[in-house]
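Notes follow once the structure below has been shown.
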Amino acid sequence: MMDVLSRFGRLDELIQMVYQGFDRFVVLSQVDESTWTIHLALKGPGGRWWRGARSSQDILGIIGTSVTPQALDILAERLSETFVNGELAIDDWSPEKDANIKLTLGPTSKTPVRVPLVELSPTEGAAYAAALLSEIALQAQPRRCRLNPPTFSASTTRLPPLARAPSPPKTLDRKEALNAPPLPAEAQRKIQVLEAELAEAKAQKAKSKSPPLNSGTKSTAVTQAPKGASLANPHKKARKYQALEFASDEE
1 MMDVLSRFGR
11 LDELIQMVYQ
21 GFDRFVVLSQ
31 VDESTWTIHL
41 ALKGPGGRWW
51 RGARSSQDIL
61 GIIGTSVTPQ
71 ALDILAERLS
81 ETFVNGELAI
91 DDWSPEKDAN
101 IKLTLGPTSK
111 TPVRVPLVEL
121 SPTEGAAYAA
131 ALLSEIALQA
141 QPRRCRLNPP
151 TFSASTTRLP
161 PLARAPSPPK
171 TLDRKEALNA
181 PPLPAEAQRK
191 IQVLEAELAE
201 AKAQKAKSKS
211 PPLNSGTKST
221 AVTQAPKGAS
231 LANPHKKARK
241 YQALEFASDE
251 E
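Going by my numbering, the first residue of the sequence shown is number 1, and it counts up by one from there.
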């Protein structure tokens with residue numbers, strides 16, 4: 001025999017609101033190995049519960065004679081889309097006790113699916129509501145026990161950290177320097193090259209700043225006096241002295 005309800009997993013754990021007139025209903029869909037179950041709750045001060053179920057035989061009767069896995073998948077997909085889109089109605093609704101009401105999926109479609117509902121006693125309704133709340137509490141634990149998922153994640157609500165000024169580089173003391181692991185040979189070679197380039201740059205800079213020998217200094221060489229000038233006063237001509245000649249005794 002074909003496993004019919006295994007094809008109806010997409011109808012499990014669905015919940016929807018139905019607004020009909022002034023009344024509001026909550027519809028829940030659940031699927032297990034034996035039945036597809038519908039629970040209906042009337043919201044208000046006099047809350048009431050109804051329940052209806054469809055077995056594998058009921059579902060096969062909806063499809064007809066051409067029962068195939070593909071046909072079951074198409075029916076389950078159509079019913080789940082109808083449920084999610086809110087295409088639901090409460091037929092033969094009456095507030096009277098033990099009234100025969102039905103939940104209709106796709107009331108405006110060509111082949112609507114109807115599930116007869118039977119009202120539960122207050123005790124049965126309270127027991128089902130308590131079981132439903134316990135499931136909701138378990139599902140809320142991964143959300144830090146929040147009934148609904150937070151609108152904003154925790155990462156988006158936190159303020160960004162304040163910008164801090166960069167801290168000065170840490171200078172290793174003698175003990176830390178001695179205990180520091182030795183650098184690789186390649187790193188040491190690069191450091192030596194950088195140190196040599198830095199020393200050469202400093203030497204070039206110092207050389208470019210030193211003044212030339214002839215700039216800003218007076219020549220200390222003694223200017224040679226022109227020929228015939230006085231040594232005491234180079235701007236005046238020296239006096240010429242003529243040697244005295246005496247007459248000879250023979251004359």
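Note that CB positions come from ideal geometry on N, CA and C, so glycine has one too.
Between which residues of its own chain and residue i is the CB-CB distance below 6 Å, once the five residues before and five after are set aside?
i           : result
residue 80  : 10, 11
residue 218 : At residue 218 the pLDDT is 48, less than 50, meaning the model places this residue with poor confidence; the figure from the coordinates comes in the next sentence. No residues qualify anywhere along the chain.
residue 53  : 35, 37
residue 6   : none
residue 33  : none
residue 50  : 40, 117, 119
Helix, strand or coil for residue i, going by three-state DSSP, please let me know.
i           : result
residue 112 : coil
residue 146 : coil
residue 102 : strand
residue 61  : helix
residue 4   : coil
residue 25  : strand
residue 12  : coil
residue 120 : coil
residue 92  : coil
residue 18  : strand
residue 67  : coil
residue 82  : helix
residue 87  : coil
residue 97  : coil
Whole angstroms are fine: how far does the CA of residue j sit from the CA of residue i?
i           : j           : result
residue 35  : residue 29  : 11 Å
residue 60  : residue 151 : 43 Å
residue 142 : residue 14  : 20 Å
residue 137 : residue 128 : 14 Å
residue 147 : residue 131 : 16 Å
residue 70  : residue 78  : 12 Å
residue 140 : residue 149 : 8 Å
residue 184 : residue 208 : 37 Å
residue 215 : residue 200 : At residue 215 the pLDDT is 47, less than 50, meaning the model places this residue with poor confidence; the figure from the coordinates comes in the next sentence. Their backbone Cα atoms lie some 26 Å apart in a straight line.
residue 43  : residue 102 : 17 Å
residue 24  : residue 144 : 30 Å
residue 194 : residue 188 : 10 Å
residue 100 : residue 62  : 21 Å
By Cβ distance below 8 Å, which residues in the same chain neighbour residue i in space, the five residues on each side in sequence not counted?
i           : result
residue 20  : 89, 90, 93
residue 83  : 11, 14, 16, 27, 29, 105
residue 135 : none
residue 86  : 16, 17, 18
Here's the rule: buried if 16 or more other CB atoms are within 10 angstroms of the residue's CB, otherwise exposed. What is residue i?
i           : result
residue 203 : exposed
residue 76  : buried
residue 133 : exposed
residue 220 : Residue placement at residue 220 is flagged as unreliable, the pLDDT there being 48, under the threshold of 50; the coordinate-derived value follows with that caveat. Residue 220 is exposed by the Cβ-count criterion.
residue 206 : exposed
residue 22  : exposed
residue 117 : buried
residue 115 : buried
residue 40  : buried
residue 47  : exposed
residue 64  : exposed
residue 125 : buried
Examine the ligand ADP and report whether any of its heavy atoms sits within less than 8 Å of the Cβ of residue i.
i           : result
residue 127 : Among the ligands in the structure shown, none appear at all, so the ligand ADP cannot be discussed.
Please return the same chain residues whose Cβ sits closer than 7 Å to the Cβ of residue i, not counting the five positions on each side in sequence.
i           : result
residue 4   : 56, 59, 60, 72
residue 8   : 31, 36, 76
residue 112 : 104, 105, 106
residue 45  : none
residue 197 : none
residue 98  : 119
Would you list the residues sitting across from residue i in a DSSP beta bridge?
i          : result
residue 35 : 55
residue 41 : 26, 49
Under 9 Å between C-beta atoms, does residue i make it to chain B?
i          : result
residue 42 : Protein chain content of the structure displayed is limited to a single chain, and chain B is not contained in it.
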